[in-house]
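Novice: Got a structure for you, written out below as structure tokens; questions coming shortly.
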Amino acid sequence: MASTNMTEHLKLNQWIGSDKPKMADFNADNRKVDQAVGSHTADQTMHLTEAERAAWNKAIPIVGGYTGDGTPMRAVEMGVAPRFGILYAVDKVPIGATATSGTVDVYSGFFSQTGCSQGLMLNPGDTAFTALNVPQAVYGRIAKLNEKDVKYVYILFA
9 MASTNMTEHL KLNQWIGSDK PKMADFNADN RKVDQAVGSH TADQTMHLTE AERAAWNKAI
69 PIVGGYTGDG TPMRAVEMGV APRFGILYAV DKVPIGATAT SGTVDVYSGF FSQTGCSQGL
129 MLNPGDTAFT ALNVPQAVYG RIAKLNEKDV KYVYILFA
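Next up, the structure:
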């Protein structure tokens, strides 16, 4: 005997004490659950719009790098115009204090189409950012983003 009550959405059996469940009822419920869950998990567009899916697919980070050559300004070609990027020196602290001069050495930064950290430059639409390596402090910070033989890594989102 099927149950006295049924669930709202899948119409699964909800037995009460006087009901006499049959194996066929259980099997029918299992088929309903399997069908509903199977359809849901197979639907690859159910939860994202096409615009959302495209945005997620474009947000894959691109990782690159360069070894500093010590010049005051260095253009680093990335091959794409990034919306946002992070730059850091390998095996260096992001910002290190110099006790004797009261300045800090800057080995990291951020860049975007709307602005950059001190020591980095990126013009809207450009596929290359400029990293500075300047020995003079500006506002107490010394940009060391192209120090000779230092390895730098950038992570960007195009």
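Count along the sequence shown from 1, add 8, and you get the number used in my numbering. C-beta atoms are modelled at their ideal positions from N, C-alpha and C, and glycine is treated no differently.
Do the segment 61-80 and the segment 114-125 meet, that is, are 3 or more Cβ pairs less than 8 Å apart?
Specialist: They do not touch, by the three-pair rule.
Novice: Confirm, please, whether the CB-CB distance from residue 154 to residue 80 is below 9 Å.
Specialist: For residue 80 and residue 154, yes; Cβs fall inside 9 Å.
Novice: Would you mind listing the alpha helix (DSSP H) stretches within the segment 13-37 that are 4+ residues and don't spill past its ends, in chain order?
Specialist: The qualifying runs do not exist here; there are none.
Novice: Give the straight-line distance between the Cα atoms of residue 91 and residue 19, rounded to the nearest whole angstrom.
Specialist: If you take the alpha carbons of residue 91 and residue 19, they lie about 50 Å apart.
Novice: For residue 98 and residue 157, what's the separation of their Cα atoms in angstroms?
Specialist: The straight-line gap from Cα to Cα measures roughly 11 Å.
Novice: Which value, in whole angstroms, describes the spacing of the CA atoms of residue 135 and residue 85?
Specialist: Going by the C-alpha atoms only, they are around 6 Å apart.
Novice: Under three-state DSSP, which class holds residue 42?
Specialist: Here residue 42 sits in helix by DSSP.
Novice: Using alpha carbons as the reference points, say which of 66, 108, 96 lies closest to residue 89.
Specialist: Measuring from the Cα of residue 89, the nearest candidate turns out to be 66.
Novice: For residue 56, list the residues DSSP reports as bridge partners.
Specialist: In DSSP, residue 56 forms no bridge with anything.
Novice: Going along the chain, which unbroken runs of the alpha helix (DSSP H) with 4 or more residues stay wholly within the segment 57-122?
Specialist: Segments of the alpha helix (DSSP H) lying fully in the segment 57-122: 58-66.
Novice: Does the beta carbon of residue 37 come closer than 9 Å to any beta carbon on chain C?
Specialist: As a matter of chain content, chain C is missing from the structure shown, which is built from one protein chain.
Novice: Please classify residue 50: does DSSP put it in a helix, a strand, or coil?
Specialist: Note: residue 50 maps to helix in three-state DSSP.
Novice: Assign residue 13 to buried or exposed, taking buried as 16 or more other Cβ atoms, counted over all protein chains shown, within 10 Å of its Cβ.
Specialist: Under this definition residue 13 is an exposed residue.
Novice: Bridge partners of residue 159, per DSSP?
Specialist: Paired residues: 75.
Novice: Taking the C-alpha atoms as reference points, what is the distance between residue 95 and residue 116?
Specialist: Their Cα atoms are separated by approximately 5 Å.
Novice: Taking DSSP as the reference, what is the three-state secondary structure of residue 140?
Specialist: Three-state result, residue 140: strand.
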